[in-house]
Amino acid sequence: MAIDAATVRKVAHLARVAEPEDRLEALAQELNGILAWIEQLNEVDVQGVEPMTTAVEATQPLREDEVTAGGDPAKVLANAPKSADGFFVVPKVVE
Amino acid sequence: MSALTNITLKAALDGLKSKAFTSEELTRAHVEAIEKANPHLNAYVLPTFERAVEMAKASDAKLAKGEGGDLEGAPLGIKDLFCTEGVRTTACSNILGEFTPTYESTVTANLWRDGAVMLGKLNMDEFAMGSSNETSRFGPVVNPWKAKGSNAALTPGGSSGGSASAVAADLCLGATASDTGGSIRQPAAFTGTVGIKPTYGRASRWGIVAFASSLDQAGPIAKSVEDAAILLKSMCGHDAKDSTSLDVPTPDWPSFVGKSVKGLRIGVPKEYRVDGMPEEIEALWRQGIAWLKDAGCEIVDISLPHTKYALPTYYIVAPAEASSNLARYDGVRYGKRAEGKNLIELYENTRAEGFGNEVKRRVLIGTYVLSAGYYDAYYVKALKVRRRIAQDFDQAWTKVDAILTPSTPSGAFALGDKSADPVAMYLNDIFTVTANLAGLPGISVPAGLGADGLPLGLQLIGKPLDESTIFSLAGALEQAAAFKAKPEKWW
Chain C
905 MAIDAATVRK
915 VAHLARVAEP
925 EDRLEALAQE
935 LNGILAWIEQ
945 LNEVDVQGVE
955 PMTTAVEATQ
965 PLREDEVTAG
975 GDPAKVLANA
985 PKSADGFFVV
995 PKVVE
Chain G
2 MSALTNITLK
12 AALDGLKSKA
22 FTSEELTRAH
32 VEAIEKANPH
42 LNAYVLPTFE
52 RAVEMAKASD
62 AKLAKGEGGD
72 LEGAPLGIKD
82 LFCTEGVRTT
92 ACSNILGEFT
102 PTYESTVTAN
112 LWRDGAVMLG
122 KLNMDEFAMG
132 SSNETSRFGP
142 VVNPWKAKGS
152 NAALTPGGSS
162 GGSASAVAAD
172 LCLGATASDT
182 GGSIRQPAAF
192 TGTVGIKPTY
202 GRASRWGIVA
212 FASSLDQAGP
222 IAKSVEDAAI
232 LLKSMCGHDA
242 KDSTSLDVPT
252 PDWPSFVGKS
262 VKGLRIGVPK
272 EYRVDGMPEE
282 IEALWRQGIA
292 WLKDAGCEIV
302 DISLPHTKYA
312 LPTYYIVAPA
322 EASSNLARYD
332 GVRYGKRAEG
342 KNLIELYENT
352 RAEGFGNEVK
362 RRVLIGTYVL
372 SAGYYDAYYV
382 KALKVRRRIA
392 QDFDQAWTKV
402 DAILTPSTPS
412 GAFALGDKSA
422 DPVAMYLNDI
432 FTVTANLAGL
442 PGISVPAGLG
452 ADGLPLGLQL
462 IGKPLDESTI
472 FSLAGALEQA
482 AAFKAKPEKW
492 W
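For the protein sequence lines, the chains are C and G, in the order given. Going by the working numbering, the first sequence opens with residue 905, and the numbers climb by one from there. Going by the working numbering, the second sequence opens with residue 2, and the numbers climb by one from there.
In structure tokens form, the structure reads like this:
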């Protein structure tokens, strides 16, 4: 399952990271190096094994469905690169 | 005032209680030491000296009245991964810009509750991704240790390189750190300090910048096993704000240091004898086995057959989780923004400028293994192998109480040595990463010096929630090793 420049371009776009065209080939090689090393997992027999998604088996705790935080827009916006009138500001998204 | 900085946390707490010195004196001695050393070691990325002196004075007022918590007046360093209210927190990434949290992480809040004093924020690999502290936006940390007859700058390990370097150079009495694949234990081993990662769920992850949520755990780097126990006890505890935080009591760990380890069964896994491991690491391991035998332990040969698959598994699981966690850095809500002609370009340019190369590499790998068509072949497969690795340990616990291994496959290496080859760098975590995948507690204890005069560590891995036993065993190793070496001050 070797990665080529086109795959890197696609993955970089999915990840929302701009990668210049002249970097794609080098990145493909780097990623292939790592993936080739990862391929050894194919040796492991995982027939009938359940995927492990958490390090410690515990049931998810539930709490009362009530508001416990929020109500402080100034704090939420305090670190925004751009804000106005209590909103985050981004480039126009609707023409 | 080096007399006030080269003592253990325990000695400092005793001195504060007996009024041999004040917290302000202790804190100012550390400030002085940091001012002198930091231009050379680059351990602190943001000193908070004014706040430190204020906190120290408040502690002195409490101590004068015979009050105060378990850490009252003790100056500590905080890894820049922990959100600190009103104090810039960047995870040493450009993308966080001048992000200044409006809230405090649970772990640091616990330390302040117990009276600790914050000296400043410590350097680390960007988003804790690295084993050499070379991916930080603030530049690499330098290990206070140097190899015999060489002046080369060495790595303190990573990702908690600033924490390890600061503790080893007496620039704090102890430090917070975090461990996703070995980021507490490997730097501890490289700097002659003690580092423990508790059982997954012991320490709240709330307010800690997330890397790989199913693997991340906070813990301390400290000057002794007892100091590590004191710090970990303060850091841990149930937290409703982290849904994976375990609702279990925190034992009085310091009381387990010094307890007899007679009769405990210690597993020695044959798979940790890896190809190309230096003989001195093997020798140190044999020495550790002999020490525990002398202390009355029973040594049991065990097998953890899936060990060799742990790192490749980790390098699917961790980047997959990271690519998801790091999706939040969009240049809109906080941190740095790079403009773009539309919203998508704003995201893409912000992340291209804000993330370093190693972080991008992992985000891309993670995105790839989670993408349609590869999800089952890579990600689900890795989760299944992860269970196999955890099952190896379950099997082992039917025969042994703890496992002894080397902490790292080598001592500290020179800065720049492995930065060109990602896989060579990843192999640093070969002995530590299994504990993260299985959620187990692991501690690194300094056990001796290599031929080049650099510290080497031994690791103890414990059963889930059984930090108490590994603290007792680590205490026995520490006593037998009588490791007293300190780096020569060249700064």
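C-beta: ideal position from N, C-alpha, C; glycine also.
Problem - Under 7 Å (Cβ pairs) to chain G, residues found in the stretch 932 to 958 of chain C - result: If the cut-off is 7 Å between Cβ atoms, the stretch 932 to 958 of chain C has Glu934, Leu935, Gly937, Ile938, Trp941, Ile942, Gln944, Leu945, Val948, Val950, Val953, Glu954, Pro955, Met956, Thr957, Thr958 near chain G.
Problem - Amino acids of chain G, ordered along the chain, whose beta-carbon sits closer than 9 Å to that of arginine 892 of chain C - result: The structure shown does not extend to residue 892 of chain C, since chain C is modelled only from 905 to 999, so the question has no answer here.
Exercise for the section: For phenylalanine 356 of chain G, go through chain C and note every residue whose CB falls closer than 9 Å to its CB, in chain order. Expected result: Per Cβ cutoff of 9 Å: Val921.
Practice task
Would you please verify whether the beta carbon of valine 46 of chain G is less than 8 Å from any beta carbon of chain C?
Solution key: Not flagged as an interface residue toward chain C: valine 46 of chain G, since no C-beta distance is shorter than 8 Å.
Practice task
Using a cut-off of 7 Å between C-beta atoms, extract the partners of lysine 382 of chain G located in chain C.
Solution key: Correct list: Leu945, Val950.
Problem - Every unbroken beta strand (DSSP E) inside the stretch 401 to 464 of chain G [3 residues or more] - result: Listed in chain order, they are 403 to 407, 443 to 450, 456 to 463.
Practice task
Starting from the beta carbon of glycine 332 of chain G, find every residue of chain C whose beta carbon is closer than 7 Å, and list them in chain order.
Solution key: Pro985, listed in chain order.
Problem - Classification of histidine 41 of chain G by the beta-carbon crowding that lies within 10 angstroms, buried from 16 upward - result: Flag for histidine 41 of chain G reads exposed.
Handout entry: DSSP state of phenylalanine 212 of chain G mapped onto helix, strand, coil
Key = The answer is coil: DSSP assigns phenylalanine 212 of chain G none of H, G, I, E or B.
Exercise for the section: Grab the span of the alpha helix (DSSP H) containing glutamine 187 of chain G for me, first residue to last. Expected result: Where glutamine 187 of chain G is concerned, the enclosing alpha helix (DSSP H) stretches over 186 to 192.
Exercise for the section: May I have the straight-line CA-CA distance separating glutamate 281 of chain G from isoleucine 231 of chain G, to the nearest angstrom? Expected result: Glutamate 281 of chain G and isoleucine 231 of chain G have their C-alpha atoms spaced approximately 32 Å apart.
Exercise for the section: Report yes if the CB atom of glycine 69 of chain G is closer than 8 Å to the CB atom of glycine 116 of chain G, and no otherwise. Expected result: For glycine 69 of chain G and glycine 116 of chain G, yes; Cβs fall inside 8 Å.
Problem - Separation of serine 60 of chain G from phenylalanine 50 of chain G, as counted between CA atoms - result: Distance between the alpha carbons of phenylalanine 50 of chain G and serine 60 of chain G: 15 Å.
Exercise for the section: Give a yes or no on whether the C-beta atoms belonging to alanine 81 of chain G and methionine 130 of chain G are separated by under 8 Å. Expected result: Note that residue 81 of chain G is aspartate in the sequence shown here, rather than alanine. Going by C-beta atoms, aspartate 81 of chain G is not nearer than 8 Å to methionine 130 of chain G.
Problem - Alpha-carbon spacing of methionine 2 of chain G relative to threonine 200 of chain G, whole angstroms - result: Caution applies to methionine 2 of chain G, whose pLDDT of 47 falls short of 50 and renders its modelled position unreliable; the model cannot decide the point.
Problem - Contacting residues, own chain, Cβ-Cβ under 7 Å from threonine 194 of chain G (five flanking each side not counted) - result: Annotation for threonine 194 of chain G: Ala165, Val168, Ala169, Ile222, Ala223, Lys224, Pro447 place their beta carbon closer than 7 Å to its own, counting only its chain and skipping 5 residues before and after.
Practice task
Leaving aside the five residues before and after histidine 307 of chain G along the sequence, list all residues of the same chain whose C-beta is less than 6 Å from its C-beta, in chain order.
Solution key: Same-chain partners within the cutoff: Arg389, Ile390, Asp393.
Problem - Closest residue to lysine 18 of chain G among G:Glu26, G:Gly451, G:Leu64 (Cα-Cα distance) - result: Considering only G:Glu26, G:Gly451, G:Leu64, the residue with the shortest C-alpha distance to lysine 18 of chain G is G:Leu64.
Problem - Proximity to valine 948 of chain C [Cα-Cα], best of G:Tyr310, G:Ala241, G:Arg186, G:Leu247 - result: If we check each option's Cα against that of valine 948 of chain C, G:Tyr310 comes out closest.
Problem - Of the residues G:Gln187, G:Arg203, G:Ala204, the one placed nearest glycine 196 of chain G, counting alpha carbons only - result: Distances from the CA of glycine 196 of chain G to each of G:Gln187, G:Arg203, G:Ala204 were compared; the closest alpha carbon is that of G:Gln187.
Practice task
Return the Cβ separation of threonine 85 of chain G and proline 102 of chain G in integer angstroms, given the expectation that the two are a contact with Cβ distance under 8 Å.
Solution key: Contact holds; Cβ gap of about 6 Å.
Practice task
Just the chain G side, please: which residues come within less than 8 Å of alanine 910 of chain C by C-beta, in chain order?
Solution key: In chain order: nothing, as chain G lies at least about 13 Å away.
Practice task
Could you list which residues in chain C have their beta carbon closer than 7 Å to that of isoleucine 197 of chain G, in chain order?
Solution key: Taking a Cβ-Cβ cut-off of 7 Å, isoleucine 197 of chain G has no neighbours in chain C, whose nearest Cβ is about 16 Å from it.
Exercise for the section: Could you tell me whether the Cβ atoms of isoleucine 942 of chain C and tyrosine 316 of chain G are closer together than 8 Å? Expected result: At a Cβ-Cβ threshold of 8 Å, isoleucine 942 of chain C and tyrosine 316 of chain G count as neighbours.
Exercise for the section: List in chain order: all unbroken alpha helix (DSSP H) runs of 4+ residues lying wholly within the stretch 283 to 337 of chain G. Expected result: Complete alpha helix (DSSP H) runs here, min 4: 311 to 326.
Handout entry: Cβ pair proline 965 of chain C, serine 244 of chain G closer than 8 Å
Key = With respect to the 8 Å criterion, proline 965 of chain C and serine 244 of chain G are classified as neighbours on the basis of their beta carbons.
Handout entry: 8 Å Cβ cutoff met for serine 132 of chain G and glycine 158 of chain G
Key = Their beta carbons are under 8 Å apart, which means serine 132 of chain G touches glycine 158 of chain G by this criterion.
Problem - Min CB distance aspartate 989 of chain C to chain G below 8 Å - result: It does not; no Cβ of chain G falls within 8 Å.
Problem - Boundaries of the alpha helix (DSSP H) in which glutamine 218 of chain G is found, first to last residue - result: According to the DSSP assignment, glutamine 218 of chain G belongs to no alpha helix (DSSP H) but to the beta strand (DSSP E) extending over 218 to 223.
Exercise for the section: Could you check which residue in G:Glu26, G:Gly289, G:Ile35, G:Phe83 has the C-alpha nearest to that of methionine 56 of chain G? Expected result: Nearest of G:Glu26, G:Gly289, G:Ile35, G:Phe83 to methionine 56 of chain G, Cα basis: G:Glu26.
Exercise for the section: Sort out for me which residues DSSP pairs valine 195 of chain G with in a bridge. Expected result: Answer is G:Ala223, bridged to valine 195 of chain G.
Handout entry: Extent of the continuous alpha helix (DSSP H) run through serine 469 of chain G
Key = Counting along the chain, the alpha helix (DSSP H) containing serine 469 of chain G begins and ends at 468 to 482.
Exercise for the section: For aspartate 180 of chain G, write down the residues that DSSP places opposite it in a beta bridge. Expected result: Looking at the DSSP assignment, aspartate 180 of chain G forms a beta bridge with G:Gln218.
Practice task
For phenylalanine 414 of chain G, count neighbouring Cβ atoms within 10 angstroms of its own Cβ and tell me buried if that reaches 16, exposed if not.
Solution key: Buried.
Practice task
Using a cut-off of 8 Å between C-beta atoms, extract the partners of valine 994 of chain C located in chain G.
Solution key: Within chain G, the C-beta atoms nearer than 8 Å to that of valine 994 of chain C come from Val333, Leu344, Leu347, in chain order.
Practice task
Between the Cα of alanine 44 of chain G and those of G:Ile96, G:Asn144, G:Ile8, spot the shortest distance and give me the residue it belongs to.
Solution key: Measuring from the Cα of alanine 44 of chain G, the nearest candidate turns out to be G:Asn144.
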